[in-house]
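> Residue numbers (our numbering): 176 to 291. Glycine residues also receive a C-beta, built at the ideal position from the N, C-alpha and C atoms. Just so we're clear, the structure is a prediction, and the values are computed from it rather than from any experiment. Pasting a structure here, questions to come.
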Amino acid sequence: MLNRMVEQQPDDLDLDAVFKALGHPIRREILEQLADGPESVSELAEPHDVSLAAVSKHLRVLEDAGLLDVEEDGRVRRCHLDAAPLSDAFGWLTRYRVLWEDRFDALADHLEEDET
């Protein structure tokens, strides 16, 4: 039996990391913060009721998913959003949205036929 990781395509692994990153509310909020422009780690941590170390771990998950670029400027780490992986995730979700819309349309057609 093959290992599931071996069977997955590299793009699937990238999507796994993106969806993992999106799976936590603090990480989603951080992405929203970064949508307004780059911020330092301490600026990103400020609105959250967690330690700076916890925020750093969340930032690492975002960085591993390719959603975050970190620029070091002396002792300050500035984070920048990289939205490209979100586009890949949106594309994947869109394929399934179209599939479900087609299925719902077919169901509606079927139900209309039964009514006549």
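(1) Using CA atoms only, rank isn't needed, just tell me which of Glu288, His255 and Asp189 is closest to Asp211.
(2) Let's test the definition: count the other Cβ atoms within 10 Å of the Cβ of His167 and tell me whether it reaches 16, buried, or not, exposed.
(3) Report back the beta-carbon spacing between Val140 and Ala240 to the nearest angstrom; my notes put them in contact at under 8 Å.
(4) Name the DSSP beta bridge partners of Ser215, please?
(5) Given a threshold of 16 other Cβ atoms within 10 Å of its Cβ, counted over all protein chains shown, does Leu243 qualify as buried or as exposed?
On the basis of the data shown:
(1) Against the sequence shown, residue 211 aligns to sequence position 36. Looking at the Cα atoms, His255 is the closest of the given residues.
(2) Nothing about residue 167 can be reported from this structure: the residues present for the chain run from 176 to 291 only.
(3) Examination of residue 140 is not possible in this model, given that the chain is present from 176 through 291 alone.
(4) Along the sequence shown, one-based indexing puts residue 215 at 40. Answer by DSSP bridge pairing, in chain order: Arg253.
(5) Within the sequence shown, the letter at position 68 stands for residue 243. Flag for Leu243 reads buried.
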